[in-house]
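*Asks:* Have a look at the structure that comes next, please.
In our numbering, the protein residues as written are 2 to 357.
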């Protein structure tokens, strides 16, 4: 039996955004999950489309659960609109609202003249009210989880965000940004905005790999991906040289060291996934999707796996975890000393064949 297809956070967002833009609303929405950027964007779209600006003074409430009491929230949600078609109520941090179990009464009988948007910072406990009542009333309530994106989904988001701003990303710039920053959408959007400012009014409106490197203070020769290649190829002297130059050129050596560790950690975690997936005899496209890389990048990962057996990949991940802790303050060494020691340990003699 094939598994039921599950939409990504980005696809769910697009569906809801389309509903809002086309004027299709439910009385209550409950949004939660790791990816906070999307609920923030939906809040903006909902307010802009559901409530004309001239109606907002008396018919829009945006509050945080930690700053209000449950009775105030109930009143907001049950109030009739004033000289308008509807009210819009946004409760951010709904999980921080004391006695929010009393909201179950609204969940069971929503105000048809209001749209209520509830945003939670944590996963709700759906076996308890008000969440149980919210989930049960499927006709009037839409419950949506915004899970973190996979790397390929984050790359798609970056590409589409740039296109919406009128810019084209050259080559695999979107993958480069995800490598640098991870899959957090707010940070990725912020970086694209920074790059748009960096390239200015240049024509054509194309953002290149070189733009990304230069905007982050790196060069074609000295960047974290050249360091990654040097490590994978066990070129210890080059790895030390690139690490040293990256740290010397950074405004914050601690911040740069943490970023290097984050990029290398992501890389070695993908190598670990590839090792674990090889036994499943997947098609190359499915294998690339599983480990979160573009299919045209898979060959390089196969080459890396051939020279980094599974025990060494696991050892590298452990070293990266301990290095991350040291940089964050669990060591008296400087970031430069910590990174030098890390490279030395990582590129020590590989395990003998019988120990692999």
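Think of the CB as a built atom: it goes at the ideal place given N, C-alpha and C, for glycine as much as any other residue.
Check the C-beta distance from residue 99 over to residue 71 and give it rounded, since I have them as a contact under 8 Å.
*Replies:* Numbered from its first residue, the chain shown carries residue 99 at position 98. Numbered from its first residue, the chain shown carries residue 71 at position 70. Confirmed, Cβ separation roughly 6 Å.
*Asks:* Taking the straight line between their C-alpha atoms, what separation do you get for residue 128 and residue 101?
*Replies:* Residue mapping note: residue 128 aligns to position 127 of the chain shown, counting from 1. Residue mapping note: residue 101 aligns to position 100 of the chain shown, counting from 1. Near 14 Å, if we compare the C-alpha coordinates of residue 101 and residue 128.
*Asks:* Taking one C-beta from the segment 88-96 and one from the segment 58-70 each time, how about it: are there three or more such pairs within less than 8 Å?
*Replies:* Cβ pair count under 8 Å is three or more, so yes.
*Asks:* Do residue 200 and residue 174 have their C-beta atoms closer together than 8 Å?
*Replies:* Stepping through the chain shown from its first residue, residue 200 is reached at position 199. Stepping through the chain shown from its first residue, residue 174 is reached at position 173. For residue 200 and residue 174, no; Cβs fall outside 8 Å.
*Asks:* Which residues share a DSSP beta bridge with residue 30?
*Replies:* The residue you call residue 30 lines up with position 29 of the chain shown. In the DSSP output, where bridge partners are listed per residue, residue 30 has 118 and 143.
*Asks:* Go ahead and pull the three-state DSSP assignment for residue 173.
*Replies:* The count along the chain shown starts at 1 and reaches residue 173 at position 172. Three-state DSSP puts residue 173 in coil, outside helix and strand.
*Asks:* For residue 343 and residue 328, I'd like the C-alpha separation in whole angstroms.
*Replies:* What you label residue 343 is simply residue 342 of the chain shown in a count that begins at 1. What you label residue 328 is simply residue 327 of the chain shown in a count that begins at 1. Rounded to whole angstroms, residue 343 to residue 328 spans 11 Å at the Cα level.
*Asks:* Counting only the same chain and skipping the five closest in sequence on each side, list residues whose C-beta sits under 8 Å from that of residue 318.
*Replies:* Walking along the chain shown from the start, residue 318 turns up at place 317. So the list reads 266, 269, 270 and 273, once near-sequence residues are dropped.
*Asks:* Would you kindly work out how many angstroms separate the C-alpha atoms of residue 445 and residue 337, rounded to a whole number?
*Replies:* This structure does not reach residue 445, given that the chain is present from 2 up to 357, and the question cannot be answered.
*Asks:* Hey, out of 54, 242 and 57, whose CA is closest to residue 340's CA?
*Replies:* The residue you call residue 340 lines up with position 339 of the chain shown. It is 242 whose Cα lies nearest to the Cα of residue 340.
*Asks:* Opposite residue 208 in the DSSP bridges: which residues?
*Replies:* Residue mapping note: residue 208 aligns to position 207 of the chain shown, counting from 1. Answer is 170.
*Asks:* If the criterion is Cβ atoms closer than 8 Å, does the pair residue 163 and residue 134 meet it?
*Replies:* The residue you call residue 163 lines up with position 162 of the chain shown. The residue you call residue 134 lines up with position 133 of the chain shown. Contact: no.
*Asks:* Could you tell me if residue 45 is buried or exposed, where buried requires 16 or more neighbouring beta carbons within 10 angstroms of its beta carbon?
*Replies:* As a first step, residue 45 is located in the chain shown; it is residue number 44 there, counting from the start. Under this definition residue 45 is an exposed residue.
*Asks:* Find out if the Cβ-Cβ distance for the pair residue 206, residue 169 is shorter than 8 Å.
*Replies:* For this step, residue 206 is matched to residue 205 along the chain shown. For this step, residue 169 is matched to residue 168 along the chain shown. It is a contact, given that the beta carbons lie within the stated cut-off.
*Asks:* Would residue 282 be called buried (16 or more neighbouring beta carbons within 10 Å of its own) or exposed?
*Replies:* For the purposes of this step, residue 282 is taken as residue 281 along the chain shown, with counting starting at 1. Answer is exposed; the Cβ neighbour count stays below 16.
*Asks:* Judging by CA-CA distance, which residue of 261, 216 and 249 is the nearest neighbour of residue 227?
*Replies:* The residue given as residue 227 occupies position 226 in the chain shown. For the residues 261, 216 and 249, the minimum Cα distance to residue 227 belongs to 261.
*Asks:* Does residue 178 pass the burial test, meaning 16 or more other C-beta atoms within 10 Å, or should it be called exposed?
*Replies:* Mapped onto the chain shown, residue 178 falls at position 177. Residue 178 should be labelled buried.
*Asks:* Please tell me whether, using a cut-off of 7 Å, the distance from the CB of residue 42 to the nearest non-hydrogen atom of the ligand SAH is below it.
*Replies:* Although the ligand SAH was asked about, the structure shown includes no ligands whatsoever.
*Asks:* Please list, in chain order, all residues of the same chain as residue 31 whose beta carbon is under 6 Å from its beta carbon, the five residues on each side excluded.
*Replies:* Numbered from 1 along the chain shown, position 30 holds the residue referred to as residue 31. For residue 31, where only same-chain residues beyond five positions count, the Cβ hits under 6 Å are 119, 135 and 144.
*Asks:* Could you please give the first and the last residue of the uninterrupted alpha helix (DSSP H) stretch that includes residue 93?
*Replies:* Taking the chain shown and counting its residues from 1, one reaches residue 93 at position 92. That residue, residue 93, is in no alpha helix (DSSP H); its beta strand (DSSP E) goes 88-93.
*Asks:* Taking only three categories from DSSP, how would you classify residue 64?
*Replies:* By one-based count along the chain shown, residue 64 stands at place 63. The answer is strand: DSSP assigns residue 64 an E or B state.
*Asks:* Just confirm the distance between the C-beta atoms of residue 141 and residue 28, as a whole number of angstroms; I'd bet it's less than 8 Å.
*Replies:* Within the chain shown, the letter at position 140 stands for residue 141. Within the chain shown, the letter at position 27 stands for residue 28. With a Cβ gap of about 5 Å, residue 141 and residue 28 count as contacting.
*Asks:* Distance check for residue 194 and residue 21, CA to CA, integer angstroms please.
*Replies:* On the chain shown, residue 21 is found 20 positions in, with the first residue counted as 1. On the chain shown, residue 194 is found 193 positions in, with the first residue counted as 1. Cα-Cα distance, rounded: 25 Å.
*Asks:* In chain order, what residues of the same chain have a beta carbon less than 7 Å from the beta carbon of residue 188, not counting five sequence neighbours either side?
*Replies:* Here residue 188 refers to the residue found at position 187 when the chain shown is read from its first residue. Same-chain partners within the cutoff: 182.
*Asks:* Cα-Cα, which of 149, 197, 180 and 147 is closest to residue 165?
*Replies:* Stepping through the chain shown from its first residue, residue 165 is reached at position 164. The candidate whose alpha carbon is nearest that of residue 165 is 197.
*Asks:* With 8 Å set as the bound, which would you pick, yes or no: does the beta-carbon of residue 56 sit closer than that to a beta-carbon of chain B?
*Replies:* Among the chains in the structure shown there is no chain B, since it carries only a single protein chain.
*Asks:* Out of 331, 346, 153 and 308, which one is the CA nearest neighbour of residue 287?
*Replies:* Here residue 287 corresponds to residue number 286 of the chain shown, with the count starting at 1. Closest by alpha carbon: 153.
*Asks:* DSSP three-state call for residue 36: helix, strand or coil?
*Replies:* Working through the chain shown from its first residue, we reach residue 36 at position 35. Note: residue 36 maps to coil in three-state DSSP.
*Asks:* Using the three-state DSSP reduction, which class does residue 198 fall into: helix, strand or coil?
*Replies:* For the purposes of this step, residue 198 is taken as the residue at position 197 of the chain shown. The answer is helix: DSSP assigns residue 198 an H, G or I state.
*Asks:* Please state if the CB of residue 289 and the CB of residue 299 are separated by a distance shorter than 8 Å.
*Replies:* Locating residue 299 in the chain shown gives position 298, counting from the first residue. Locating residue 289 in the chain shown gives position 288, counting from the first residue. For residue 299 and residue 289, yes; Cβs fall inside 8 Å.
*Asks:* Excluding the five sequence neighbours on either side, which residues of its own chain have a C-beta within less than 6 Å of the C-beta of residue 237, listed in chain order?
*Replies:* Numbered from 1 along the chain shown, position 236 holds the residue referred to as residue 237. Counting only Cβ-Cβ distances below 6 Å, and skipping sequence neighbours, we find 348.
*Asks:* Between the C-alpha atoms of residue 322 and residue 53, what's the straight-line distance to the nearest angstrom?
*Replies:* Taking the chain shown and counting its residues from 1, one reaches residue 322 at position 321. Taking the chain shown and counting its residues from 1, one reaches residue 53 at position 52. Straight-line Cα distance between these residues: approximately 51 Å.
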